[in-house]
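Counted the way the working numbering counts, the sequence shown spans residues 46 to 540.
Single-structure report; data block below.
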Amino acid sequence: MSFLTFNGISKRFPGVHALDDVSFGVARGSCHALMGENGAGKSTLGKILAGVYTADAGEILLEGRPIRPTDPLAARALGIAMVHQELAFCPQMSIAENLCLGAMPSRGGWLDRKALRAEATRMLGSVGADFDVDLPVGELTTGQEQLVQIAAAVGTGARILVFDEPTSSLSVAESEHLFRLLADLKTRGITVLYVSHRMEEIFRLCDTLSVLRDGRHVATEAVAETRPDRVIRQMIGRELVAQEPEHLRSTPGEVALRVAELASPGKFQDVSFEVRRGEVVGFAGLVGAGRSEVAQAVFGLDPAATGRIEVGGRDIPVGDVHAALGAGVGLVPEDRKRQGLVLALNCRENLSLAVLHRLSRFGWIDAEAESALAARYGDRLRVKTPSMESPIAGLSGGNQQKIALAKWLARDGSVLIVDEPTRGVDVGAKAEIHRLLDELACQGLAVVLISSELPEVMSLSRRLVVMRGGRVAGVLERDEFSQESVLRLMAGVGQ
Ligand code: ADP
Ligand code: MG
46 MSFLTFNGIS
56 KRFPGVHALD
66 DVSFGVARGS
76 CHALMGENGA
86 GKSTLGKILA
96 GVYTADAGEI
106 LLEGRPIRPT
116 DPLAARALGI
126 AMVHQELAFC
136 PQMSIAENLC
146 LGAMPSRGGW
156 LDRKALRAEA
166 TRMLGSVGAD
176 FDVDLPVGEL
186 TTGQEQLVQI
196 AAAVGTGARI
206 LVFDEPTSSL
216 SVAESEHLFR
226 LLADLKTRGI
236 TVLYVSHRME
246 EIFRLCDTLS
256 VLRDGRHVAT
266 EAVAETRPDR
276 VIRQMIGREL
286 VAQEPEHLRS
296 TPGEVALRVA
306 ELASPGKFQD
316 VSFEVRRGEV
326 VGFAGLVGAG
336 RSEVAQAVFG
346 LDPAATGRIE
356 VGGRDIPVGD
366 VHAALGAGVG
376 LVPEDRKRQG
386 LVLALNCREN
396 LSLAVLHRLS
406 RFGWIDAEAE
416 SALAARYGDR
426 LRVKTPSMES
436 PIAGLSGGNQ
446 QKIALAKWLA
456 RDGSVLIVDE
466 PTRGVDVGAK
476 AEIHRLLDEL
486 ACQGLAVVLI
496 SSELPEVMSL
506 SRRLVVMRGG
516 RVAGVLERDE
526 FSQESVLRLM
536 AGVGQ
């Protein structure tokens, strides 16, 4: 008998079967991963356990006894707590007040501030955090806020903690702290349900993993007895074969983008490269090497930039977005939430933003043409959304990224710059984005691909520009690609 058992759990939302007869067990004191693509049902299952949702069918057994937490407080009383991605506290109240909500120490009817601070400090200490407990929660970073959530849970006696993609907005240092803390929680006998699709984390932290796909349970296995490629297959239900990109089979066309001696004070200097029609040219480099800054400058977003930019054989003024756009240059920036999409608009409206000039007649948007365009690209990119009228903010990262790419597809440009197109995107959507970039190159687009994932840039590019400290450290042709050659250039280590 498992410590914690899910038995035939089902949950429907209007239009979706989020969970369909899910059964598996979790051992006491284990770190149990819950894996699956976006929309697989992971968060829903975590929320049912933590009392945020109730299941339509099935039961949860804790030490053999059925439990049915109907709200988060009831779950807490059973020793179950969830660490949320979104803010879970009152932002204006201090850490101390938030931590002791519901159990404010008092003396003779007055709030005992000293006891409150001491108690909060003790709770924070138990998770290795030592911030000032008088700070308002609203001033904390996501990572710090998460520690406060964990402190609140552990400090009130939680035995089961559900983490939902805890590292998705943490820095590397914050993630490392969290991983140490997880190891420590385990030695204290706390059971962790760890939702993530980051393979490295699972293989490093977890003992067991369960895979969900389209709301169904696919497998539960010991981490020591499985392998990442097997888990990926279980997650997406098909084989991910790393094929040679199609675009490499044809000879590139004329030069679509030529950049010469591009410089921007304090950011980068002497950057020269060219991209032909039908080519994918990758940009590799460490964070801060200047790759995104170069991309922004080529797109005309850097007023301080100097040098020459030629698109389709014609010089365009440097530092002029309208000129770049007019010449057919597109940029899908790294931070698509802030720069690439308008979250308040729906999928269709986001798509047509870049092509409004083509869709409008005498200043009016041709609604029919707009819907047709949205339907065409939505289908072609296999965007998973209830409808193209749904708000873009509700889509998963991978699907938002597809819409951001489609915006430029619809524009028929000549040069497309994509900055970290698959960051934070799950494996299935990642493969689709790769295929899409390949297809774009096959159609004659010149693609500049910036990525910090070496396997990604190496597998998709015909040529690699490696940047270091704001300069081009070297350019490698495909037959010269190797992890070692690229890393040497990135780090500036001699041959
Ligand atoms: P995961 O966490 O694996 O990405 P979720 O559990 O969030 O998946 O979602 C599973 C399915 O249920 C998705 O299709 C999602 O759109 C849907 N869903 C989740 N929560 C709600 C909700 N509150 N209302 C409607 N549909 C929802
Ligand atoms: Mg989720």
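In this text, a Cβ means the ideal position worked out from N, Cα and C, and glycines have one as well.
Taking 8 Å as the cut-off, the C-beta of Asn52 does not count as close to any heavy atom of ligand 2. For Lys56, the enclosing beta strand (DSSP E) starts and ends at Leu49 to Phe58.
Distances from the CB of Gly103 to the heavy atoms of ligand 1 are all 8 Å or more. Taking 9 Å as the cut-off, the beta carbon of Ile462 is found closer than this to the beta carbon of Val492. In this structure Pro348 is exposed. Its beta-carbon is surrounded by fewer than 16 other beta-carbon atoms within 10 angstroms. With three or more CB-CB distances shorter than 8 Å, the region 202-209 counts as touching the region 237-244. Taking a cut-off of 8 Å for Cβ pairs, the region 110-127 and the region 60-70 do not touch, as fewer than three such pairs fall below it. In the three-state reduction of the DSSP assignment, Gly188 falls in the helix class, which pools H, G and I. Spatial neighbours of Asp101 in its own chain (CB-CB distance under 7 Å, excluding positions within 5 residues in sequence) are listed in chain order as Ser55, Lys56 and Arg57. A distance criterion of 8 Å places the beta-carbon of Ser88 in contact range of ligand 2, judged by its closest non-hydrogen atom.
Counting the other CB atoms within 10 Å of its CB gives Ala218 a total below 16, which places it among the exposed residues. Look at Phe344: its beta carbon is at least 8 Å from all of the heavy atoms in ligand 1. In this structure, Val128 has its beta carbon at no less than 8 Å from each heavy atom of ligand 2. Val325 has its CB no nearer than 8 Å to any heavy atom of ligand 2. Here Asp66 carries a strand assignment [DSSP, helix/strand/coil].
The residue from Gly70, Ala95, Glu210 and Ile125 with its alpha-carbon nearest to that of Ser441 is Glu210. Taking the CA atoms as reference points, Cys76 sits about 25 Å from Arg167. Inclusion of Glu210 in the 8 Å shell around ligand 2 follows from its C-beta lying nearer than that to a non-hydrogen atom of the ligand.
Taking all protein chains shown into account, Ser337 has 16 or more neighbouring C-beta atoms within 10 Å of its C-beta and is therefore buried.
Of the residues assessed, Gln194 falls on the buried side of the cut-off, its CB having 16 or more other CB atoms within 10 angstroms. When rounded, the separation of the alpha-carbon atoms in Leu450 and Arg480 is 12 Å.
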